[in-house]
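full-length UniProt numbering applies: residue 1 is where the sequence shown begins, and numbers increase by one.
The beta carbon of each residue, even a glycine, is placed where N, CA and C say it ideally should be.
Inspection log for the structure reproduced underneath, given as structure tokens.
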Amino acid sequence: MDTNRFVYAGTPDRGYGPWIFIEDTPESRLQALDEGYTAFSTTSFAYEPEKGKPEPVRYGDLWLDIDCKEAPFLAVIAARTFITDLASAYDGFDPAMLDYFMSGSKGVHIRIPAEIFGGENGHPFLPRLHHKMLERHFSHPPHNQALGLLALGESVPAKLKDKTVGDLVDESLYCMGKGHLLRAPNVRRPDGRYKVQVSVETFFDRDIDSLLDLTREPGTASMRVVAPVATGMADLYDHVLINWQSLDPRSYNLQSLSECQFMRHCREDAQTLSEPEWFMMLRALAPLGKKGLELAQEYSRPHPEYSAQKTRAKFLHALNKGYPANCEEIQTVFQCSPRCKVRSPLDLERKRQSDAVVAAESFCLEKDGLYYSASRGALEGDSFKVSSPIRVLGKMRNTDGTGWARLVDLVTPDGRNKKLDIAMRDCVGRGDNVLALLCDNGLELTGGKMGKFVMDYLRLAATDKVFINVERLGWHGNRYVLPDAIFGEGGNEEINYTQENSLFKCSGELGQWQEHIGRYCRGNTLLMLVSAFALTGPLLHICGVEGGGLHLFGPSSTGKTTLALLAGSLCGGNENKGFVRQWRSTHNAIEHTAVQHNDGLLVMDESGQATADTVAQTIYMLSNGQGKERMRADATQRKTYQWRVQLFSTGELTMDEKIEETGKFRAMAGQNVRVVNLPIDRGVGKNSYSCLHGFENPPSLSEHLKDATRHFYGTPLRAFLTALCGASGQELDANGADIKENIEKFAKTYCPDGSCGQVRRVAVKFGLIAAAGMFAAKNGILPWTPDESRDAVAEWFRIWLEGRGGVGNLEIMKALDRFKDFFARHGRSRFVEVNGLGENMRDLAGYRWEDKGEQRFFMITPAFNDLAKGVNRHELLEHMKQQGWLLTSGKGSLVTTKWISGRNVRGYGFIPSAWEGLAGNIEVKPQVKAGDMEFGGEF
1 MDTNRFVYAG TPDRGYGPWI FIEDTPESRL QALDEGYTAF STTSFAYEPE KGKPEPVRYG
61 DLWLDIDCKE APFLAVIAAR TFITDLASAY DGFDPAMLDY FMSGSKGVHI RIPAEIFGGE
121 NGHPFLPRLH HKMLERHFSH PPHNQALGLL ALGESVPAKL KDKTVGDLVD ESLYCMGKGH
181 LLRAPNVRRP DGRYKVQVSV ETFFDRDIDS LLDLTREPGT ASMRVVAPVA TGMADLYDHV
241 LINWQSLDPR SYNLQSLSEC QFMRHCREDA QTLSEPEWFM MLRALAPLGK KGLELAQEYS
301 RPHPEYSAQK TRAKFLHALN KGYPANCEEI QTVFQCSPRC KVRSPLDLER KRQSDAVVAA
361 ESFCLEKDGL YYSASRGALE GDSFKVSSPI RVLGKMRNTD GTGWARLVDL VTPDGRNKKL
421 DIAMRDCVGR GDNVLALLCD NGLELTGGKM GKFVMDYLRL AATDKVFINV ERLGWHGNRY
481 VLPDAIFGEG GNEEINYTQE NSLFKCSGEL GQWQEHIGRY CRGNTLLMLV SAFALTGPLL
541 HICGVEGGGL HLFGPSSTGK TTLALLAGSL CGGNENKGFV RQWRSTHNAI EHTAVQHNDG
601 LLVMDESGQA TADTVAQTIY MLSNGQGKER MRADATQRKT YQWRVQLFST GELTMDEKIE
661 ETGKFRAMAG QNVRVVNLPI DRGVGKNSYS CLHGFENPPS LSEHLKDATR HFYGTPLRAF
721 LTALCGASGQ ELDANGADIK ENIEKFAKTY CPDGSCGQVR RVAVKFGLIA AAGMFAAKNG
781 ILPWTPDESR DAVAEWFRIW LEGRGGVGNL EIMKALDRFK DFFARHGRSR FVEVNGLGEN
841 MRDLAGYRWE DKGEQRFFMI TPAFNDLAKG VNRHELLEHM KQQGWLLTSG KGSLVTTKWI
901 SGRNVRGYGF IPSAWEGLAG NIEVKPQVKA GDMEFGGEF
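Structure (structure tokens):
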């Protein structure tokens, strides 16, 4: 399953518009907040929903908005009652696993994590499922008590006394389409209030009036985090999931089930039915939802070991498979007659003997060509030749179920076989374009009117075999597709790759690559790192790790291009430019390039050839895995490019320096963790080659590697994929589990304690490189030991960490440096004496005075906000406070106003002596949340 998820951001204060569709990551949400968006949708999406298109999978937690404008205290009482009811109704339910927010002055927001009720895998109709869950919960006593009975001793307005807890729940949250927006925490509302998160203890123990008063200021309290676990609430979600068929517009006629030999066998021989046959039957019934469960119970009851509970649990498991059992799978457990010619028992009703079937039987393919017989061969002499040999191999579709076509094989006049895919949309009408394409590729018609028969053959004579037309390389299920090879087993449909891609060629044998290239990398840790990194692309999907890359920077003639050629030689190449691409390209071209390198390595040399704008956008675009949305000439939307890639880049500047070289853009911390900067001289004047292996000097070794990569390439990746996929899907899963374990071990071993989330994300990226190198070395692909591969990667992780300057949040560290620099440069020119002149200066930044001989500054809010742009202000202020930079009151709260010239001025007071004498970066205490090291998420 793809890990890409997206949310909507909006502005409730401006009528909920406009909305923008952004990636569901902390960086994207923070950027949206900086751009003025204040609220986000309660669910995230696999892709943007569109009318008339299949619903995207929606992900999200169960949110509740409990409001009572007339009597806000009732919202708190209702929320407390609701959570208490959940704890009493469902085993294992701990209120501390939930998040609680006081929302403005009238209500409460509560987040119930999806893990608590087993909904983390998402569903296209998730908002409706959430609504159904609440409806079922509130439909049973005592969960529907009147508010008048709950608020004993309180003055409840008469019109509210008979209302229940469920009546205060805002049902507009559970809408389809774009969903519903909820305001982000600590964003000021139009009434001056805030949405403030509170701990479970505060929510239940504090008196209601003071609890409601917390919304007058942004919240800064720390929370006790309890990781969510599955509870008895899963039964509630399972009940709703079983009834999902009522939300699905499809309907099935069950009369034909009795005509299926397998289903008849399951019913008549239920007492002796085997476990595999039983589960296959449940999978065949799963799309019927509640009716399917009833039939499953009915079919299963005669078995001597029948259990209603076990049948229900197995049915839920079958339902989560996402697709019904087809006849090919059924054949693996029960041999039935193929005469029905359908794909699934539920398709029997759709079968019909039509004129199309009769017409298809009128064609016959002989060795010398395609023939047509009106009597379907019953009358001798009525057949005639239509064309040279052409055969429909089967039907073909894209991975998303669109783009249906016919895959045909024809024989050219010189005797060669040629495969073509014929789009069904081009077969409408006379099909002149299709006939032109076929003839252009070698089909010969026997007469001027034979084109009609060829088109009838294409439309009607297709077999039941279905091919999947993949438009990109990489993983499709458990199979990895290269232009000329497929690795791995699994799936019931054959894969056909039709795109042109000349990069993934092979030259030589694996042993030759190891002899002429690989062995010279051993002992040179940078070359070992690059070799392991080149094999990480196929692991992104397997391990659930985000895409990104490495950027090697340094002066010219230090071996950058050689390293790019080395990385590419593991994956492929050709006789011309090898595997290396150039940065000098447009955004559109890079999107197409990314698709060609999906689930693999993309090598881009010399970032100096690109503009700062191209580099900044490319980093985010490649890491996010999705291109721009575009329209066709007929105003319909084009299919959006999607990919997962590992970028290997080189240049003379770091990515930050390149992005900021024009002064138009500012490099963000998110770019540093997506594409990691590494100095090619390792920061100590040492180039790429510390071990020369008998060569006279580094340039001569570099020239040898350049020449060798032109002759030997492509074999390491194929050997890696063969070892990774193994002989079965189980072996692939086992290899994936071992690689994940090595990633986690690396991150835990080499990531310093107290590191911020950014450092931990990069530690996982290096862990992925180490795990790839260890797996390749273990399987004899890279000519060194697994320990040597791990140690080489660990060395460069330490180099990156030293170059970064600390383990704190990089954006905060940069912001602190900006403030220090600002005071150093403008402490006199833009700050005036408190009782002096100059308040009307054009660029006034604040005021200064002396306190017991020490300088003090008071920076006004606009100047502070300008310097803090792009950073979470609350987090920045907390770090400044921890470092002793800010003036505080006797009670420890920040001084945010000062009486100057007869008026209150808003801003922040600074103590310059707190940072004077400190060199370089200030070490920032990271705010590490529980779960930061959870594998497979955002680190």
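*For P679, which of helix, strand or coil comes out of DSSP?*
The three-state reading of DSSP puts P679 in strand, counting E and B together.
*Give the DSSP-derived three-state secondary structure of H476 in the structure shown.*
H476: strand per DSSP, three-state reduction.
*Just the Cα atoms here: how many angstroms apart are S155 and N121?*
Straight through space, the alpha carbons of N121 and S155 are spaced by roughly 44 Å.
*Within 10 angstroms of the Cβ of V603, are there 16 or more other Cβ atoms? Answer buried if so, exposed if not.*
That one is buried.
*asked:* Measuring alpha carbon to alpha carbon, tell me which residue in R718, N779, F487, V470 is nearest G401.
replied: When only C-alpha atoms are compared, the closest one is V470.
*Excluding the five sequence neighbours on either side, which residues of its own chain have a C-beta within less than 7 Å of the C-beta of T897, listed in chain order?*
These residues qualify, in order along the chain: N904, V905, R906.
_Let's test the definition: count the other Cβ atoms within 10 Å of the Cβ of G488 and tell me whether it reaches 16, buried, or not, exposed._
Counting C-beta atoms within 10 angstroms of its own C-beta, G488 has 16 or more neighbours from the protein chains shown and is therefore classed as buried.
_Taking contact to mean 3 or more Cβ pairs, one atom from each stretch, closer than 8 Å, check whether the region 445-464 and the region 512-530 are in contact._
Short answer: they don't touch.
_Limits of the beta strand (DSSP E) - the one that H516 falls within_ = Here H516 belongs to no beta strand (DSSP E), and DSSP marks it neither H nor E.
*Own chain, CB closer than 7 Å to P157, minus 5 neighbours either side, in chain order*: Closer than 7 Å at the Cβ level, and outside the excluded window around P157, lie E70, A71.
*Under 8 Å between C-beta atoms of L877 and G909*: If you check the CB distance, L877 and G909 do not come in under 8 Å.
*Would the beta-carbon of L181 fall within 8 Å of that of P54?*
Not closer than 8 Å, so no.
*Residues in its own chain within less than 7 Å of S337 by CB, not counting five upstream and five downstream?*
Excluding sequence neighbours, S337 sits near Q261.
*With DSSP as the reference, label A405 as helix, strand or coil.*
In the three-state DSSP reduction, A405 falls in the strand class (E or B).
*Using the Cα positions of E214 and K106, report the straight-line distance between them to the nearest angstrom.*
Checking the sequence shown, residue 214 turns out to be Leu, not Glu. It is roughly 12 Å from the alpha-carbon of L214 to the alpha-carbon of K106.
*asked:* Using 8 Å as the cut-off, can you tell me whether the region 29-47 makes contact with the region 72-84, which would need three or more C-beta pairs spanning the two stretches below that distance?
replied: Touching, no, given that fewer than three Cβ pairs across the two stretches are closer than 8 Å.
*One or two residues paired with Q582 in a DSSP bridge*: Note: Q582 sits in a beta bridge opposite D605.
*Considering W899, what are the terminal residues of the beta strand (DSSP E) in which it resides?*
Its beta strand (DSSP E) spans residues 897-900.
_On the CB-based measure, 16 or more other CB atoms within 10 Å of its CB, does H109 come out buried or exposed?_
It is buried - the Cβ of H109 has at least 16 other Cβ atoms within 10 Å.
*Is it true that the CB of N872 sits closer than 8 Å to the CB of L30?*
In contact: L30 and N872 (Cβ atoms closer than 8 Å).
*When the distance is taken between beta carbons, is A227 closer than 8 Å to I116?*
Not in contact: I116 and A227 (Cβ atoms no closer than 8 Å).
*Straight-line gap, residue 968 to A747 (C-alpha atoms, nearest Å)*: Missing from the structure shown is residue 968; the chain here goes from 1 to 939 and no further.
_Distance check for L410 and residue 959, CA to CA, integer angstroms please._
With the chain running from 1 to 939 in the structure shown, residue 959 is simply not present.
*Straight-line Cα distance separating L420 from K449*: Each residue's Cα considered, the two are about 22 Å apart.
*3 or more residues per run - each beta strand (DSSP E) lying fully within the region 187-233*: When DSSP assignments are scanned along the region 187-233, the uninterrupted stretches of beta strand (DSSP E) that are 3 or more residues long and fall wholly within it turn out to be 195-198.
_Limits of the unbroken alpha helix (DSSP H) element including R718_ = Start and end: 715-725.
*First and last residue of the alpha helix (DSSP H) that includes G447?*
Per DSSP, G447 belongs to no alpha helix (DSSP H) and is neither H nor E.
*For D271, which of helix, strand or coil comes out of DSSP?*
The displayed chain sequence assigns Gln, not Asp, to residue 271. Q271: helix per DSSP, three-state reduction.
*As assigned by DSSP and simplified to three states, the class of A146*: Under the three-state reduction of DSSP, A146 is assigned to strand.
_DSSP-derived helix/strand/coil call for C364_ = Residue state, collapsed to three classes: strand.
*From this set, I112, A914, S688, P218, which residue's C-alpha is nearest T562's C-alpha?*
Nearest C-alpha to T562: S688.
_Neighbourhood of T446 by C-beta, 7 Å cutoff - its chain only, sequence neighbours within 5 removed_ = Excluding residues within five positions, the ones whose Cβ falls inside 7 Å are K385, V386, S387.
*Label K869 either buried or exposed according to how many other C-beta atoms from any shown protein chain fall within 10 Å of its C-beta, with 16 as the threshold for buried.*
So K869 ends up on the exposed side.
_Per DSSP, the bridge partner or partners of A485_ = A485 is bridged to L482.
*Starting from N904 and walking both ways along the beta strand (DSSP E), at which residues does that stretch end?*
Its beta strand (DSSP E) spans residues 903-910.
*Can you give me the start and stop residues for the beta strand (DSSP E) that R391 sits inside?*
Unbroken beta strand (DSSP E) run through R391: 390-398.
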